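Asks: Just so you know, the sequences run in chain order L and C. Start counting the first sequence at 1; every next residue gets the next number (the UniProt record's numbering). Start counting the second sequence at 1; every next residue gets the next number (the UniProt record's numbering). Cβ atoms here follow ideal geometry from the backbone N, Cα and C, with glycine treated the same way. This one's a predicted model, so the numbers in the text were calculated from it and none came from an experiment. I have a structure I would like to understand better, so I am pasting it below and will then ask my questions one at a time.
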Amino acid sequence: MFKAIVSASTLRDSLDAVSVLVDECKIRLNEEELSIRAVDPANVGMVDLTLEAAAFESYEADGGVIGVNLTRLEEVAGMANADDLIHLELDEETRKLHIEVEGLSYTLALIDPDSIRKEPDIPDLDLPAEITLEGAQLNRGITAADMVSDHIRLRVDETDETFHIEAEGDTDDVDLQLESEDLIALTAGPADSLFSLDYLKDMNKAIASDAEVRVELGEEFPVKLHYEFAEGLGTVTFMLAPRIQSE
Amino acid sequence: MQFAAFADRAAELEAEPADLETVALVADLLRDAGDDIGTVARFLQGRVFPGWDARTLDVGPALCYEALAKAAGTNVTADDVEERLADEGEIGTVAANLDLGGQQGLGAFAAGGDAGRDDPTLAEVDDELRAVAATEGDGSEDTKLATLFGLFSRVSDAEARYLVRLVLGEMRLGVGEGTVRDAIAEAFDVDPALVADALQVSNDYGRVARIARDEGEDGLRETSLTVGRPVQSMLAQAGTVTGALESWDEVAAEIKFDGARVQLHHHPDGIAPPDADREPAPDDPTVRLYSRNTSEVTDALPEIREFAEERLDAPAILDGEVVAVDDDGGPLPFQEVLRRFRRKHDVDRMREEVELELHAFDCLLDGRDGTAGTDLLDEPFRERHGHLADLLPEAASEVLYSDAAEAIEAFEQEALSAGHEGIMLKRPDSAYTPGDRGQDWLKRKPDVETLDCVVTGAEWGEGRRANEFGTFLLAVGGDDGYETVGKVATGITDERLAELTDLLEPHVVSEDGQTVEFRPEVVFEVGYEEIQASPTYGAGYALRFPRFVEVRQDKDPEDADTVERVERLANGGVDDGADADADDAAADGADHGEAPDSAAEN
């Protein structure tokens, strides 16, 4: 059983975070919250999203799992204005999701959840450095890196207590240095990893510029990016596997 | 088996020039393959799916290069990959030098420890490639790209060489179908002929290798056609009626339909989809239809499916042609069938526009004895056609068994008058050989050449055609006026006959009973099967199986062909005098083989 009413902007923020990595996903309809965990087809990027029942106008669910075509669901949500309410109701018989937006009803055929790529078991990585910054700052670093390279290096200088977003191109280099006073918070530790810029760019798209982003970083380890949306009732964690740094 | 181990063996095979040694190496590999034997047998030939399963990765070179570039070292683009390919000439070598594996996967950190490369097993590579094949719809290119990127990121340089070739379906190991067949026989000490038979009916090297190993010769003998696993269609060569009669004594002649080849599979318990890997469920369709290349086309042809569902009770595999028909049931050109074949959208609307009919001409499996079906491949055509006529009389082709050229000619004329393409000639006691373009099935050779002949006479028709000319006397230019060379009555529709009568009647100079004589005014373009020396006609030669092609409005009688050219053609000499129109006839006779999915043709 699943029946919910949610604002279009909240639904869209949720879907956007997931759709940067996958086209289809499993949605867990728990009693207290809705959650999505998905890994991209290359097994490189993962998203873990939770949206509490309180983020909905109304929410009833009893723990089922549905598989959805995200692209299609996003299109339907796109038919609404930001403050419109979207009604969602699962038809258990036909395994279809009924969606209503301002007089428009849409019946979405669901996907067999077992046919969706299984996410790997990810242990709690204990990453030594933690940087908290604004979405706009991260965005600035990524935009700069994109000018010169398809890879991006995230690094903490323990001595100077600074966070660096760097990129090395064939001819040009960039380095965005953020001092601890530029940052919301910094826990320095040995942290230096290289990532595919494509993935980080996609993840960055989902992060609002005024969001507080908490970055967990290690040496040659996956990075975790945490942020909140829907007034703190929704949380997203992205995890991205590193590239091996040559030399 | 790790994919790395497979890549090592592949490298050995690639380096081995001798055929016998290659077979021995493949045999060793099959013996060592364990549970992966099926995958190994397929991968060696650059295949992910068995022959009966028409799924493909649907990955073009551009997408593959992009995935390689993503997985390569820093700042490598798809253009760089193409440039290297232009230098190296071979994608495997390029991939092996791209320094792939920079991107780690999350799976490498799952153990919590330090990440090493997450080396894939052969089975994991197979799973990922099957996932690529299963990706469709919006954003499928991105998903395929990401999946391949993930896979390329997990392999060593040596593995990359063979992985990329596998993705593009060209292994270049010097391991052909014959090599794998012989290696299966050698590895498991079974009769190569039994392996060949099992391969023919199963169309699945992996399955046959497994059966040879686990069940030996008995298992191979029991391997038979299975409903839901299509085999390649038997194909025909071009041939002549005279040639067929000489070699076979008797000929089975059938109408050649200008349609799309289909293999119809029926099972009353339902047929599971190829990717389901399970027993049939109640929801599974009881009829599935495949193109001659074993692609499934069931959804595009609902009326054929319904037709068969209503009439068939027992398991069966039938071979036939789907033909578009007009409101009166007359055949429409092949292009009309193509509008329906392999269509995914608007099937219902197209069904209204183009009506399709099934013309079945062979039966490969008959399950009326209560079994899963008796394999009829080795039965003679005459027997198989008998099964067909019993199973589905409404759609079974009409067959003329004859040893008389005249009877076959009349049959052809009837077929042509009804608007069909021509006739097929089959050896009545021949077996069904899947995928084989053998000598047992012949399409009556399309006219290789045409002659422009002057019409010098005609005979009035009979019965309802008593007011029209029926047969036309043809002549070519000789030293002394026009010399006759044959009569044509074939290839003319009723409508056309009336036009020709109107055209020629003003030129009648004399009439004697049924026979009339014309002033030489009108030129016919006429096709033929061959030219034989003959005392019957003034030219000293006769056209065999002459066929009306067109009235040459643009030609005067003096422009018509000559006895000299007829003589040259009869002697098989170089025909430097052939006019350009001959090419048209040759083109008309060409296969529809280049059409999408090579749908058509017997």
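What residues of chain C sit near L/Asp121, judged by a beta carbon separation below 7 Å?
Replies: Result: Ala110.
Asks: Got a sec: is the Cβ-Cβ distance from C/Gln103 to anything in chain L below 7 Å?
Replies: Judged by the 7 Å Cβ criterion, C/Gln103 is in contact with chain L.
Asks: In terms of residue numbering, what span does the alpha helix (DSSP H) encompassing residue 605 of chain C cover?
Replies: As displayed, chain C neither begins before 1 nor continues past 602, which places residue 605 of chain C out of reach and without an answer.
Asks: Output the boundary residues of the beta strand (DSSP E) element that contains C/Thr450.
Replies: From DSSP, the beta strand (DSSP E) with C/Thr450 extends over Thr450 to Trp460.
Asks: Would you mind listing the alpha helix (DSSP H) stretches within the region 44–116 of chain C that are 4+ residues and don't spill past its ends, in chain order?
Replies: The region 44–116 of chain C contains these whole alpha helix (DSSP H) runs: 61–71, 78–88 and 91–96.
Asks: What residues in the region 232–245 of chain L bring their beta carbon closer than 7 Å to a beta carbon of chain C?
Replies: Cβ contacts with chain C come from Met239, Ala241, Pro242, Arg243 and Ile244.
Asks: Just to make sure I have the definition right: I need the residues of chain L whose C-beta is within less than 7 Å of the C-beta of C/Leu106. Which are they?
Replies: Residues of chain L passing the Cβ test: Val39, Asn43, Val44, Met46, Pro120, Ile122, Pro222, Met239 and Ala241.
Asks: Here's a check: name, in chain order, each residue in its chain whose Cβ is nearer than 7 Å to the Cβ of L/Val22, leaving out the five neighbours to either side.
Replies: Cβ neighbours of L/Val22 beyond the five flanking positions: Ala38, Asp40 and Leu70.
Asks: Let me know if L/Val213 comes out buried or exposed under the rule of 16 or more other beta-carbons within 10 Å of its beta-carbon.
Replies: Classification of L/Val213: buried, given that the 10 Å Cβ count is 16 or more.
Asks: For C/Asp366, count the other beta carbons within 10 Å of its own beta carbon; 16 or more makes it buried, fewer makes it exposed. Which is it?
Replies: Counting Cβ neighbours within 10 Å, C/Asp366 comes out buried, since at least 16 surround it.
Asks: Quick check on L/Glu134: does DSSP put it in helix, strand or coil?
Replies: DSSP places L/Glu134 in strand when its eight states are reduced to three.
Asks: State the DSSP-derived secondary structure class of C/Pro393, mapped to helix, strand or coil.
Replies: It is coil, neither helix nor strand.
Asks: Would you tell me roughly how many angstroms separate the C-alpha atoms of C/Ala108 and C/Leu25, rounded to the nearest one?
Replies: The straight-line gap from Cα to Cα measures roughly 33 Å.
Asks: If we cut at 7 Å on Cβ distances, does C/Gly113 have a partner in chain L?
Replies: With a pLDDT of 49 at C/Gly113, under the threshold of 50, the modelled position of that residue is not reliable, and the figure given next carries that caveat. It does not: the Cβ of C/Gly113 has no partner Cβ on chain L nearer than 7 Å.
Asks: Label C/Glu321 either buried or exposed according to how many other C-beta atoms from any shown protein chain fall within 10 Å of its C-beta, with 16 as the threshold for buried.
Replies: That one is buried.
Asks: If you draw a straight line from the C-alpha of C/Glu550 to the C-alpha of C/Leu388, how long is it?
Replies: Taking the straight line joining both Cα atoms gives about 38 Å.
Asks: Need the endpoints of the alpha helix (DSSP H) that C/Tyr528 sits in, please.
Replies: Here C/Tyr528 belongs to no alpha helix (DSSP H), and DSSP marks it neither H nor E.
Asks: Which residues in chain C have a C-beta closer than 9 Å to the C-beta of L/Thr71? List them in chain order.
Replies: Going along chain C in sequence order, the residues near L/Thr71 (Cβ under 9 Å) are Gly137, Asp138 and Gly139.
Asks: For L/Asp62, is the classification buried or exposed, using 16 other Cβ atoms within 10 angstroms of its Cβ as the cut-off for buried?
Replies: By the neighbour-count rule (16 or more Cβ atoms within 10 Å), L/Asp62 is not buried but exposed.
Asks: Strictly below 9 Å CB to CB, what residues from chain L border C/Asp150?
Replies: Per the sequence shown, residue 150 of chain C should be read as Gly rather than Asp. Asp40, Pro41, Ala42, Asn43 and Val44, listed in chain order.
Asks: So what does C/Glu550 bridge to, in DSSP terms?
Replies: C/Glu550 pairs with C/Glu525.
Asks: So that I know if they touch, is there some Cβ in chain C lying closer than 7 Å to that of L/Asp172?
Replies: For L/Asp172, the answer is no, since every Cβ of chain C falls outside 7 Å of its Cβ.
Asks: Could you work out which residue in C/Glu66, C/Lys344, C/Pro434 and C/Arg181 is closest to C/Val231 when comparing CA atoms only?
Replies: C/Val231 has its Cα closest to that of C/Pro434, out of C/Glu66, C/Lys344, C/Pro434 and C/Arg181.
Asks: Chain L partners of C/Thr143, CB-CB under 7 Å?
Replies: Near C/Thr143 (Cβ distances below 7 Å), the residues of chain L are Asp23 and Pro41.
Asks: Compile a chain-ordered list of the residues in the region 75–100 of chain C whose CB is closer than 7 Å to at least one CB of chain L.
Replies: For the region 75–100 of chain C, which is checked against every Cβ of chain L, the residues closer than 7 Å are Asn75.
Asks: By the 10 Å Cβ neighbour count, where 16 or more other Cβ atoms means buried, how is C/Val251 classified, buried or exposed?
Replies: The residue in question, C/Val251, is buried, as its Cβ has 16 or more Cβ neighbours within 10 Å.
Asks: Within 10 angstroms of its Cβ, does C/Arg181 collect 16 or more other Cβ (buried), or is it exposed?
Replies: By the neighbour-count rule (16 or more Cβ atoms within 10 Å), C/Arg181 is buried.
Asks: Can you tell me the Cβ-Cβ gap for L/Val47 and L/Ala17, rounded? I've got them flagged as a contact below 8 Å.
Replies: Right, the Cβ-Cβ distance comes to about 6 Å (below 8 Å), so this counts as a contact.
Asks: Taking only beta-carbon atoms, is L/His151 less than 7 Å away from chain C?
Replies: Chain C, which has a Cβ nearer than 7 Å to the Cβ of L/His151, makes this yes.
Asks: Name the chain L residues that come within less than 9 Å of C/Ala123, Cβ to Cβ?
Replies: The premise fails here: C/Ala123 is roughly 15 Å from chain L at the closest Cβ pair, so nothing lies under 9 Å.
Asks: Does DSSP put C/His387 in a helix, in a strand, or in coil?
Replies: Helix.
Asks: Three-state secondary structure (DSSP) at C/Leu199?
Replies: Helix at C/Leu199.
Asks: Which residues of chain L have a Cβ atom closer than 7 Å to the Cβ of C/Ala146, listed in chain order?
Replies: Result: Asp40, Pro41 and Ala42.
Asks: Classify C/His385 as buried or exposed, calling it buried when 16 or more other Cβ atoms lie within 10 Å of its own Cβ.
Replies: Buried, because 16 or more other Cβ atoms sit within 10 Å of the Cβ of C/His385.
Asks: Does the pairing of the region 158–178 of chain L with the region 136–144 of chain L give three or more beta-carbon distances under 8 Å?
Replies: Short answer: they touch.
Asks: Using the beta-carbon count (16 or more within 10 Å), is C/Lys344 buried or exposed?
Replies: Classification for C/Lys344: exposed.
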